[in-house]
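Protein chains: 2
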Amino acid sequence: MVKNMERWIQSQQCRKWDLHSLKLQPLSPVPSDIEISRAQSPKAVDVLAKEIGLLTDEIEIYGQTKAKVRLSLLERLKDQPDGKYVLVAGITPTPLGEGKSTVTVGLVQALTAHLNINSFACLRQPSQGPTFGVKGGAAGGGYAQVIPMEEFNLHLTGDIHAITAANNLLAAAIDARILHENTQSDKSLYNRLVPVVNGVRGFSAIQLARLRRLGINKTDPETLTEEEISKFVRLDIDPSTITWQRVVDTNDRFLRKITVGQANTEKGFVRQAQFDIAVASEIMAILALTTSLQDMKERLGRMVVANDKKGQPVTAEDLGVTGALAVLMKDAIKPTLMQTLEGTPVFVHAGPFANIAHGNSSVLADKIALKLVGEKGFVVTEAGFGADIGMEKFFNIKCRASGLVPSVVVLVATVRALKMHGGGPNVTAGAPLKKEYTEENLQLVADGCCNLQKQIQITQLFGVPVVVALNVFKTDSPAEVDLVCKIAKESGAFDAVPCNHWSAGGKGAVKLAQAVEKAANQKNSFKYLYSLELPIAEKIRIIAQKVYGAQDIELSPAAQSQVDRYTRQGFGNLPICMAKTHLSLSHQPERKGVPTGFILPISDVRASIGAGFIYPLVGTMSTMPGLPTRPCFYDIDLDPITEQVKGLF
Amino acid sequence: MVKNMERWIQSQQCRKWDLHSLKLQPLSPVPSDIEISRAQSPKAVDVLAKEIGLLTDEIEIYGQTKAKVRLSLLERLKDQPDGKYVLVAGITPTPLGEGKSTVTVGLVQALTAHLNINSFACLRQPSQGPTFGVKGGAAGGGYAQVIPMEEFNLHLTGDIHAITAANNLLAAAIDARILHENTQSDKSLYNRLVPVVNGVRGFSAIQLARLRRLGINKTDPETLTEEEISKFVRLDIDPSTITWQRVVDTNDRFLRKITVGQANTEKGFVRQAQFDIAVASEIMAILALTTSLQDMKERLGRMVVANDKKGQPVTAEDLGVTGALAVLMKDAIKPTLMQTLEGTPVFVHAGPFANIAHGNSSVLADKIALKLVGEKGFVVTEAGFGADIGMEKFFNIKCRASGLVPSVVVLVATVRALKMHGGGPNVTAGAPLKKEYTEENLQLVADGCCNLQKQIQITQLFGVPVVVALNVFKTDSPAEVDLVCKIAKESGAFDAVPCNHWSAGGKGAVKLAQAVEKAANQKNSFKYLYSLELPIAEKIRIIAQKVYGAQDIELSPAAQSQVDRYTRQGFGNLPICMAKTHLSLSHQPERKGVPTGFILPISDVRASIGAGFIYPLVGTMSTMPGLPTRPCFYDIDLDPITEQVKGLF
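Line by line, the protein sequences give chains A and B. Going by my numbering, the final residue of the first sequence carries number 649, and the count climbs one at a time with no gaps. Going by my numbering, the final residue of the second sequence carries number 1298, and the count climbs one at a time with no gaps.
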């Protein structure tokens, strides 16, 4: 009764939050990220949840600062109009990254803590591997961060661990099945797969579904013919076609290529395999694209892990493991609520690879956030890499899966990256920046704006207004900043705004927030770039030509044969997820600015059928990072008295 | 102020809990475990926490039914006397297990829900691997269970995932280090390990500690001689001596023996390796034995992963990874609070292997529980396998680490296992039981009681009173039950009691609870079995002769050379953790009853230096289970509407 009343009030109420923001007193020089994070006391997460209209039975608290949000909320608020949907994308970055996460966080701090507009940031959960390898955390930076940053960067609420467990259960099931099929007769397999329990022999539900797929419409195990038994018990996996790999959330380069099955108990069925980093698992891509528990279960079942010896796809469902995978993922499907340094809400959910997958946070977090902010509120989400990759996939893959229509794109640029595109010297992680980057150089900036211009044009292909956010560094001169904003506006941006959230928090992004709000009220004629009905190669060509500026594409024989296979298998109408370097619009990372006249070489074509996309490989993509000679773990420590984490950055 | 007052009241209060127990209405026939679990609504975990005297800032809630408990409680209650400490052990079991977990849970349900005595059960967290393989869950069974059983059996609060992450970070660091040392000069290694950052070159704290261990008392990187640099930068790991393995929490038999490093990027440094199941990690054993965050960090640093080419041990600390491992384990060190079917408290914490490790739940959970129950309360904890293994290790390893003194041992027996020891036919998992086990057979029972008698005698070696708990099955006849209890008492048990908690809940274990309470007030003359100062082989001999009844031991040359090596390395005074089959008192699983006249063969000797024990191998121990032809995942499913898990048992 009280619950029902609470629900009714919630559904009727004006959606302006009564949110208590946390005050910031930025220091100069800006301290390290972990020091800033630690200096701010986050609100208890149940307090935050209440402030933004979540009911007590819609959250599951994990410690003081994290909570999972139940999907039941989507049903409760289904008649509530969505808020405005903002994507943060970027120009072609340097290897250091240009601060998309920081802009995302700074923007919502500005919207909610300074302009009193409901807003939510939706971020990807970072892989734990690199946290101990070379790059450190991914919670934003400076005075635009998600806190506590060590919680964000470590286990969080266990979603990546759940993905690892599900991924590896499926991998183990594949090899064990091949072994059992190779060492047993049809009869013996059948007796074990369909055993007599308490005097009765019966199929499990997932076995009945397989029988139906095989066209065997029987339910009594005693009535199958020998031929039907053979069809039923043998998946007949061709080991050379296995595409399902094991994963760990650790940078372990020695697992890039391995031989498995060398113990005597495996009777000689060795094969070459590999481990990928956990976030490269197709299950991560599914988590990011799914819209409900039912949908997730179906996608998990559809995942193709290999072909059989006749060239037909073998799925997780065929292996009988769909239900177990769904059980392992039942909590991971709920987005995790955290907060920014200024106490505004953040969802952290899913973090698929941005090359072999689509590199965007979850559809479900965005959907829930769009309901929670209400019609006049804003949800700011982020796409990996430059706009040519992350944004293109956001529109053509993620928006297709969700049905959501974006209102504005924020395109992040830095003077540093623009100078690189203008012909500046190489920028490498770990090495000090050359003087071109620390002293004013208007010519390099002007020359490099071609990349910004091109990325703006790419955005316009999709019919969505674009606001350029220039992430200002202290070495940028006012003239450089003005020049970028001027060129951006001349190139078709709705607005272009310098931002200082890194050093000043949300206050430093207020102008950006105002520009975004204004742009969101512009006419929007959002459209996808290609029709799904086109042949696979044609869809690849459209992306290559219209987005990357390629002259044409060239498929290797291997790639062509995969295209033919997927088309034959009925997967031809999936969207395309390009696996291309993010360091150039072309396939050659050293070609900066706006390369032209190149033929994009497609070396291979693969598919994530459960996630729902075909991914052409443009060159080789590493799916397992390594540890350098001096990994960051040398600096990471735990104070056993205060329990404080040191050295994460 | 309010917090302080709350603390003061808590520390002064009479410790009898005002606990609201959950009512049970047992059905007959007894439904499946998951059905029973689902039919009971657990209390909100914060309510339970308050009932047992935990302060609000001492718990971290994980969802509705689980909470982690902070170690700060040990400081607050340090002057509070401990409760009584009860160990549940068993006779030599059949492969089906004889119900120690069920007795543990039934006993606390009886003590608290029926006799109104404060009590806590401390259980091991089960590995997730077998949940999807052959055996199903481990939350007790019938009407003596931890609920919700699916939470207990799946990710819980992520501790095993944290162990996996820490274990594999260390594994990756070993191989990456070998590669970097093999491909770089001393100078290049030094420049990378001690880089110039912002113009300054400095050692990290963990590098300074390594310098001190090497006898180099310098802090300025510029002052090291070439020889000192070489000593510092080269761990010089001998790859053939690496004992640190990677782990996954999945039954993946194809990872039992593998070759790693076969990608071109690893430049030919391939080697043979293996994955173990995650709970076999030494880090799990450390979690179970540690007494504080500081102690855990030191143990993690001490772990020996290999020898260098001079035969000296190489540790996690040498690899610079101690702090990172501690950071990954900072939440796992906190025990997880759950509840029984009758709403009484349970800690679930750590679950090390019972052969290559000591098979007991955590010291910290026991310590915290002993404070929470108060002087007149009871903490019931469980040891893996039969008393000859699990209990012996509990006393000689776990009690040594904790300094705690046990009050009573509950020795679990079943008519089924006793008949097997009396000469009954083989008992195998999956096959129906022979009629000897379902019909009365007093002779088999009488003959088999020799094993019970022997296990009682083993308990008496340690000077602790023993109560026999006969776990009654519906096929056991009253005469069989009476006979076992009579023989047990004649053999020196303080009492022997039939129990029916499986079918009746705590009510069915009230007599056991009363017997345990009485036994706890007996005189107790607890002592360890051997002095740590004895030579390694002598300690092994004492266990083999006094506990197993062996005539003598025989060390293989490999085992002898390891004993010599560990003694030389200064590890000779650690306790012994025997890795022996649990299916016989001897090393031969088929020898039931009380085998005599055997020589125990020690094939190899290994060490877990961080956990703090030497483990002799008696035969080969599998550290990676496999998936059978029809794994239990065929029956596991998730209802996408109700979110209910099906098929776990």
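The beta carbon of each residue, even a glycine, is placed where N, CA and C say it ideally should be. All values reported here derive from a predicted model rather than from experimental measurement.
- Among the residues of chain A, none has a CB under 7 Å from the CB of B:Pro-779; the nearest is roughly 12 Å distant.
- The shortest CA-to-CA distance from A:Glu-227 to any of A:Gly-505, A:Gly-448 and A:Ser-185 is the one to A:Ser-185.
- When 7 Å is used as the limit between beta carbons, B:Arg-902 is near these residues of chain A: Ala-176, Thr-265 and Glu-266, in chain order.
- A straight line joining the alpha-carbon of B:Gly-790 with that of B:Arg-719 spans about 29 Å.
- Residue B:Thr-939 holds the alpha-carbon nearest to the alpha-carbon of B:Phe-1262 among B:Arg-861, B:Thr-939, B:Glu-1203 and B:Ile-823.
- Annotation for A:Asp-18: Glu-51 place their beta carbon closer than 7 Å to its own, counting only its chain and skipping 5 residues before and after.
- With its beta carbon at least 8 Å from every one in chain A, B:Asn-831 lies outside the interface.
- Rounded to the nearest whole angstrom, the C-alpha separation of B:Ile-865 and B:Lys-880 is 9 Å.
- By a beta-carbon distance limit of 8 Å, B:Ala-927 contacts B:Val-897. Their separation comes to about 6 Å.
- Taking the Cα positions, B:Ala-1199 is about 9 Å away from B:Arg-1190.
- The secondary-structure analysis by DSSP pairs A:Glu-60 across a beta bridge with A:Lys-68.
- Secondary structure within the region 913 to 963 of chain B: the beta strand (DSSP E) runs of 3 or more consecutive residues, fully enclosed, are 920 to 922, 924 to 926 and 953 to 956 (chain order).
- Between B:Val-757 and B:Thr-1030, the gap from beta carbon to beta carbon reaches 8 Å or more.
- Contact check between the region 810 to 826 of chain B and the region 203 to 214 of chain A: fewer than three CB pairs, one atom from each, fall below 8 Å, which does not count as touching.
- Under the Cβ criterion of 8 Å, B:Ser-853 is counted among the residues facing chain A.
- For A:Leu-328, the CB contacts under 6 Å within the same chain, skipping 5 residues up- and downstream, are Ala-162, Ala-165 and Ala-166 in chain order.
- Within the region 503 to 591 of chain A, complete alpha helix (DSSP H) segments of at least 4 residues are found at 510 to 520, 536 to 542 and 557 to 568, given in chain order.
- Around the C-beta of A:Thr-315, 16 or more other C-beta atoms lie within 10 Å, and the residue is accordingly described as buried.
- Beta-bridge analysis with DSSP links A:Leu-600 to A:Ile-553.
- For A:Lys-330, the chain B residues whose Cβ falls inside 7 Å of its Cβ are Leu-1287 and Glu-1292, in order along the chain.
- In summary, A:Leu-512 is buried, with 16 or more beta-carbon neighbours lying within 10 Å of its beta-carbon over all protein chains present.
- Straight-line measurement puts the Cα of A:Thr-104 at about 41 Å from the Cα of B:Arg-948.
- Looking from the CA of B:Thr-914, the closest CA among B:Glu-747, B:Gln-777, B:Leu-828 and B:Lys-1083 belongs to B:Leu-828.
- Relative to B:Ala-1018, the option among B:Gly-1033, B:Lys-1042 and B:Leu-1053 whose CA is nearest is B:Leu-1053.
- Near chain A, meaning a CB-to-CB distance below 8 Å, no residue of the region 994 to 1027 of chain B qualifies.
- When the five nearest sequence neighbours on each side are left out, the beta carbons in the same chain lying within less than 8 Å of the beta carbon of A:Arg-234 are those of Glu-181, Asp-186 and Leu-189, in order along the chain.
- Identification of chain B residues near A:Thr-259 by a Cβ-Cβ cut-off of 8 Å yields Ile-907, Thr-908 and Gln-911, ordered along the chain.
- Beta bridge pairing from DSSP links B:Ala-770 with B:Val-995 and B:Val-1029.
- With a 10 Å radius around the Cβ and a threshold of 16 neighbouring Cβ atoms, A:Gly-129 comes out buried.
- With respect to the 8 Å criterion, A:Phe-203 and A:Val-194 are classified as neighbours on the basis of their beta carbons.
- The continuous alpha helix (DSSP H) containing B:Gly-1097 extends over residues 1091 to 1110.
- In the DSSP assignment, B:Lys-1016 falls within the alpha helix (DSSP H) that extends over 1012 to 1022.
- Within chain A, no residue has its beta carbon less than 9 Å from that of B:Phe-801; the closest one is some 14 Å off.
- In the three-state reduction of the DSSP assignment, A:Asp-482 falls in the helix class, which pools H, G and I.
- Assigned with DSSP and collapsed to three states, A:Val-415 falls in helix.
- Residue contact with chain A for B:Phe-881: absent (no Cβ-Cβ distance below 8 Å to any residue of chain A).
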